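Participant: Below you'll find the structure I mean.
Residue numbers (the numbering used here): 594 to 729.
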């Protein structure tokens, strides 16, 4: 497969399905086939209020299965159902030390303007951000 379908923000409050190249994981990354992606209120605001950048693929609430990993990555991830956290916590701040990494004081805010979302078939994610989904 040389390309993948993706919902791309084209500007002026419009989204179109386009064919994009399938990303390739590099060292420390995983290629994930997206199985589910929710439409969040943030996605709606970015499109309807025209905050998104033209060419962006939105969708930050998603799950999928690891299908490949980059060089020097743990191949045991392949076949694992996952979700991805936006950015890993620092592990050292007061919130992290108290077991609350979701409110890490040093974690950067989510970049919803980066345009690397999951309204597409495949995404590349740093392995440090992967969280395995337990079997049902």
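We put the beta carbon where it would ideally sit given N, CA and C, even for glycine. Values in this document were obtained by computation on a predicted structure and should not be read as measured data.
(1) Go ahead and pull the three-state DSSP assignment for residue 682.
(2) Give the range of the beta strand (DSSP E) segment to which residue 613 is assigned.
(3) Could you give the distance in angstroms between the alpha-carbon of residue 684 and the alpha-carbon of residue 697?
(4) By DSSP's criteria, residue 655 is part of a beta bridge. Which residues make up the other side?
(5) Are the CB atoms of residue 654 and residue 631 within a distance shorter than 8 Å?
(6) If you reduce the DSSP assignment to three classes, tell me which class residue 624 lands in.
Facilitator: On the basis of the data shown:
(1) As a working mapping, residue 682 is identified with position 89 in the chain shown. If DSSP states are grouped into helix, strand and coil, residue 682 belongs with coil.
(2) Locating residue 613 in the chain shown gives position 20, where the first residue counts as 1. Per DSSP, residue 613 belongs to the beta strand (DSSP E) from 607–614.
(3) Translated into the one-based positions of the chain shown, residue 684 becomes position 91. Translated into the one-based positions of the chain shown, residue 697 becomes position 104. About 8 Å.
(4) Along the chain shown, one-based indexing puts residue 655 at 62. Its beta-bridge partners are 630.
(5) As a first step, residue 631 must be located in the chain shown, where it is residue number 38. As a first step, residue 654 must be located in the chain shown, where it is residue number 61. Their beta carbons are under 8 Å apart, which means residue 631 touches residue 654 by this criterion.
(6) Stepping through the chain shown from its first residue, residue 624 is reached at position 31. If DSSP states are grouped into helix, strand and coil, residue 624 belongs with the strands.
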